[in-house]
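Colleague: Got a structure here, written out as structure tokens. Questions coming.
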Amino acid sequence: MPSSCRLPACAAALLMAFTLPAAPALADDIAAQWTAKLDPQVVAWRRDLHQHPELSNREFRTSALVAKQLRALGLEVRTGIAHTGVVGILKGGKPGPKLAIRADMDALPVTEAVELPFRSTVRSQFNGQDVGVMHACGHDGHTAMLLGIATAMAGMRKDLPGEVMFIFQPAEEGAPAGEKGGASLMLAEGLFADFKPDAVFGMHVVSWLNAGTVGVRSGPAMAGSDTFELVVHGRQTHGAMPWNGVDPIVTAAQIVTDAQTIVSRRLNIGLLPAVLTFGTIHGGTRFNIVPDTVALQGTLRTFDAGMREQAMAALRSIAEHVAQANGASAELAIPVGASNPVLVNDPALAARVKASIARAIGAEHVVEPPVWMASEDFAWYAKAAPTVYFFVGATPAGQDAARAPSNHSPKFFLDEAALHVGMQSMLQASLDFLGGKA
27 MPSSCRLPAC
37 AAALLMAFTL
47 PAAPALADDI
57 AAQWTAKLDP
67 QVVAWRRDLH
77 QHPELSNREF
87 RTSALVAKQL
97 RALGLEVRTG
107 IAHTGVVGIL
117 KGGKPGPKLA
127 IRADMDALPV
137 TEAVELPFRS
147 TVRSQFNGQD
157 VGVMHACGHD
167 GHTAMLLGIA
177 TAMAGMRKDL
187 PGEVMFIFQP
197 AEEGAPAGEK
207 GGASLMLAEG
217 LFADFKPDAV
227 FGMHVVSWLN
237 AGTVGVRSGP
247 AMAGSDTFEL
257 VVHGRQTHGA
267 MPWNGVDPIV
277 TAAQIVTDAQ
287 TIVSRRLNIG
297 LLPAVLTFGT
307 IHGGTRFNIV
317 PDTVALQGTL
327 RTFDAGMREQ
337 AMAALRSIAE
347 HVAQANGASA
357 ELAIPVGASN
367 PVLVNDPALA
377 ARVKASIARA
387 IGAEHVVEPP
397 VWMASEDFAW
407 YAKAAPTVYF
417 FVGATPAGQD
427 AARAPSNHSP
437 KFFLDEAALH
447 VGMQSMLQAS
457 LDFLGGKA
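Using the numbering used here, you'd call the opening residue of the sequence shown number 27 and step up by one each time.
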């Protein structure tokens, strides 16, 4: 495995095709061989991407780098899918199934607080605010690893069974307000119109596992998500005379408080977990004015359609009745495109992938993690084919992963040893699937 401090990258060299050795036969250890060869280049790609992060639907530099590399490998390349998405298709020299492998490319509006020689200093605009931009969820690693996997498979194309689609997806973190994006848009724009995959694979680096460890779970793995918007309407008045108006701030505060009983008292979380969180509250312009409206946004995470419907109905009821009791009114909405399905790993396929990863890195390094309350728009690909999505440990070995800064934190740290483990795991699982190995 590479250390966390090797090979500073030259930006110009990153845009050149990695030199391919002669195509080897597909030996049992071919995934390990290629991973070892490509480790330095994957680390270099990751560091370059980390230093130049781009927000959702704005991944222009990233997609250009990806497309240039895929073309240099001789792949059939499509660009501009879902704004900035890139797809490369590799046809092997032998008959076999069709596999799609996905990596996400977008960064987050987070100011990096990790001292690295390649730390991000990029700033951009997000929702009208000046923000720092950081790969605080590890998508730089995902993109670099998939470029490495594409490079390896291109190097063995003569002996490779089947066909592989490499999907470099924008906007996994969600499209900007007023825009569409991500997996659902790629599918809507015909991602699989001419390439019908027999399976779709994906992976994600996570802080809650140590580097060297991979987590594979059968069945539900990540929560379905709904982003909701709630607007409370009152009546504006002077803050010194609130009886002349209707206070939407007090009403909104009561709604937030009462909504906490939905998960704690109304849902049977002994069956499956659920989370309801308010993330933003906006209202008012001055300390001595009761405003007309307060706007809130939040997220609901569930693993069951019935529990989702129950929770949303309860939230709507609480909002409307609390508002009515205060002489106000409330409107609850879920914007179009603001929901992701539950991410479910196909049980039979997950068992095969788990066995492949155990062969690659050792069974003692493969665990079955609990369900993760985060959501992933990778779940949309299951509408087209069986899917498996696994987790790659990112926290340095020896550190307490349970206490490590989480994904989306300004202090999120990716141990680059994870790049080796993730690439070898995915490459082994992919080659086994294409070769029909159970």
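Ideal Cβ positions, reconstructed from N, Cα and C, are used throughout, including at glycine. Computed from a predicted model, the values in this text were never measured in an experiment.
So which of MET160, GLY154, LEU134, PRO123 has the shortest CA-CA distance to GLU141?
Modeller: Comparing Cα positions, the closest option is MET160.
Colleague: Which same chain residues end up closer than 7 Å to THR303 when comparing Cβ atoms and leaving out the 5 residues on each side of it in sequence?
Modeller: For THR303, where only same-chain residues beyond five positions count, the Cβ hits under 7 Å are GLY324, THR325.
Colleague: Closer than 8 Å by C-beta to PRO47: which residues in its own chain qualify, once you throw out the five before and the five after it? Chain order, please.
Modeller: In this prediction, PRO47 has a pLDDT of 43, which is less than 50 and means its spatial position is unreliable; nothing more can be read from the coordinates.
Colleague: For ARG183 and GLY228, what's the separation of their Cα atoms in angstroms?
Modeller: C-alpha separation (whole angstroms): 21 Å.
Colleague: Could you give the residue range of the beta strand (DSSP E) that holds TRP234?
Modeller: Where TRP234 is concerned, the enclosing beta strand (DSSP E) stretches over 225 to 236.
Colleague: With a threshold of 8 Å, are at least 3 pairs of Cβ atoms found where one atom belongs to the segment 239 to 249 and the other to the segment 167 to 178?
Modeller: The answer is no - the segment 167 to 178 does not touch the segment 239 to 249, with fewer than three Cβ pairs under 8 Å.
Colleague: Once DSSP output is grouped into helix, strand and coil, what is the label at GLN262?
Modeller: Reduced to three states, the DSSP call for GLN262 is coil.
Colleague: Between VAL258 and ALA356, which are expected to be in contact by the criterion C-beta below 8 Å, what is the C-beta distance as a whole number of angstroms?
Modeller: At roughly 5 Å, the Cβ-Cβ gap stays under 8 Å, so VAL258 and ALA356 are in contact.
Colleague: Measure the alpha-carbon distance for LEU91 versus PHE459 and round it to whole angstroms.
Modeller: For LEU91 and PHE459, the distance between alpha carbons rounds to 28 Å.
Colleague: Reducing DSSP to helix, strand and coil, say where GLN151 ends up.
Modeller: Looking at GLN151 - three-state DSSP - the assignment turns out to be strand.
Colleague: Could you check the C-alpha separation between PRO268 and VAL316 for me, to the nearest Å?
Modeller: Approximately 7 Å, taken between the alpha carbons.
Colleague: Whole alpha helix (DSSP H) runs in the segment 246 to 298 with 4 or more residues, listed along the chain?
Modeller: Listed in chain order, they are 274 to 287.
Colleague: Using only the heavy atoms of the ligand ADP, determine whether one of them is closer than 6 Å to the beta carbon of ALA237.
Modeller: The ligand ADP is not among the ligands present in this structure, which contains no ligands whatsoever.
Colleague: Return yes when the Cβ of VAL368 is within less than 7 Å of the Cβ of GLY250, no when it is not.
Modeller: The answer is yes: Cβ separation under 7 Å.
Colleague: Does the structure place the segment 104 to 120 close enough to the segment 138 to 155 that three or more beta carbon pairs sit under 8 Å?
Modeller: Counting Cβ pairs under 8 Å, fewer than three are found: no touch.
Colleague: Let me know if GLN450 comes out buried or exposed under the rule of 16 or more other beta-carbons within 10 Å of its beta-carbon.
Modeller: Buried, by the Cβ-count rule.
Colleague: Mind checking who SER355 pairs with in its DSSP beta bridge?
Modeller: Beta-bridge pairing links SER355 to HIS259.
Colleague: CA-CA distance, SER150 and GLY462?
Modeller: Cα to Cα, the separation comes out at about 46 Å.
Colleague: Could you name the residues of the same chain whose beta carbon sits closer than 7 Å to that of LEU298, not counting the 5 residues immediately before and after it, in chain order?
Modeller: Around LEU298: PHE329, ASP330, MET333.
Colleague: Across the segment 418 to 436 and the segment 208 to 226, are there enough close Cβ pairs to call them in contact, namely three or more that are closer than 8 Å?
Modeller: Not touching, per the Cβ criterion.
Colleague: Among all the DSSP beta bridges, which residues are the ones paired with GLY156?
Modeller: The residue asked about is misnamed: residue 156 is Asp in this sequence, not Gly. GLN151.
Colleague: Is it buried or exposed for GLY305, if we count other Cβ within 10 angstroms and need 16 for buried?
Modeller: By the 10 Å Cβ count, GLY305 comes out exposed.
Colleague: Locate the beta strand (DSSP E) running through PRO66, then write down its first and last residues.
Modeller: Segment 56 to 77 is the alpha helix (DSSP H) holding PRO66; no beta strand (DSSP E) there.
Colleague: Can you name, in chain order, every residue of its own chain whose Cβ lies under 7 Å from the Cβ of LEU440, other than the five neighbours on each side?
Modeller: Counting only Cβ-Cβ distances below 7 Å, and skipping sequence neighbours, we find GLY164, GLY167, VAL231, ALA420.
Colleague: Thinking C-alpha only, which one of HIS446, MET452, ASP185 is nearest GLN67?
Modeller: Nearest option by C-alpha distance: HIS446.
Colleague: I need the DSSP call for VAL103, collapsed to helix, strand or coil.
Modeller: Note: VAL103 maps to strand in three-state DSSP.
Colleague: Any idea which residues DSSP pairs ALA321 with across the strands?
Modeller: VAL257, HIS308, per the DSSP bridge assignment.
Colleague: Please classify PRO50 as buried or exposed, where buried requires at least 16 neighbouring CB atoms within 10 angstroms.
Modeller: Its pLDDT being 42, under 50, PRO50 is placed unreliably by the model, and the measurement read from it follows with that caveat. So PRO50 ends up on the exposed side.
Colleague: Take ALA464 as the anchor and find which of HIS434, SER382, PHE404 has the nearest alpha-carbon.
Modeller: Of HIS434, SER382, PHE404, the residue nearest in Cα terms is SER382.
Colleague: Can you tell me which of the three DSSP states VAL301 falls into?
Modeller: It is a strand residue.
Colleague: Under three-state DSSP, which class holds MET338?
Modeller: Correct three-state label for MET338: helix.
Colleague: Grab the span of the alpha helix (DSSP H) containing PHE459 for me, first residue to last.
Modeller: Element bounds for PHE459: 443 to 460.
Colleague: Do you know offhand how far ASN153's Cα is from GLY388's?
Modeller: Each residue's alpha carbon lies about 45 Å from the other.
Colleague: Identify whether SER365 lies in helix, strand or coil by the three-state DSSP scheme.
Modeller: If DSSP states are grouped into helix, strand and coil, SER365 belongs with the strands.
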